[in-house]
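This report refers to the structure that appears directly beneath it.
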């Protein structure tokens, strides 16, 4: 089976200059785990995922612990200062793993399992054509047998 047969064609995207708060709203609203980051010209430049946001929260938690141990340090304040205005481009995953729409679904499964990723953009002629999520692969393999 080809990737284009199972991919979601209506892809929610976000721009690099969007805020992380906007990204979180998109993720929650659309109930997805990752959003491709594209320029005005439609060029894929990254992806912002729940894993990226969890890493950010882990870093914030680290600085909270530092401040509790040494309150005189103001590093956390500098780190958190503009968290609401932090932009997607600064926290997104660069060098996104992608597949072409005519590749086999097995390739997506292999990439997801070996790279520990759950969302893979699908490309057609260097443009975003769709997206495949882990649930697409799991449901295909368990529900269609």
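Residue numbers (this note's numbering): 6 to 150. The beta carbon of each residue, even a glycine, is placed where N, CA and C say it ideally should be.
Problem - Local conformation of residue 26 per DSSP, three classes - result: In the structure shown, residue 26 sits in a helix (DSSP, three-state: H, G or I).
Problem - Close Cβ partners of residue 47 (< 8 angstroms) along its chain, the five nearest in sequence each way excluded - result: Sequence-distant Cβ neighbours of residue 47 in its own chain, meaning closer than 8 angstroms and more than five residues away, are 132 and 133.
Exercise for the section: Pull up the distance between the alpha-carbon of residue 29 and that of residue 40, whole angstroms please. Expected result: The straight-line gap from Cα to Cα measures roughly 10 angstroms.
Practice task
State the DSSP-derived secondary structure class of residue 37, mapped to helix, strand or coil.
Solution key: Reduced to three states, the DSSP call for residue 37 is coil.
Problem - Sufficient close CB pairs (3 or more, under 8 angstroms) joining the region 13-23 to the region 106-118 - result: Contact fails: fewer than three Cβ-Cβ distances are below 8 angstroms.
Exercise for the section: Over the uninterrupted alpha helix (DSSP H) stretch that includes residue 14, give me the two end residues. Expected result: Where residue 14 is concerned, there is no enclosing alpha helix (DSSP H), because DSSP gives it neither an H nor an E.
Exercise for the section: List the residues that DSSP assigns as beta-bridge partners of residue 116. Expected result: None, per the DSSP bridge assignment.
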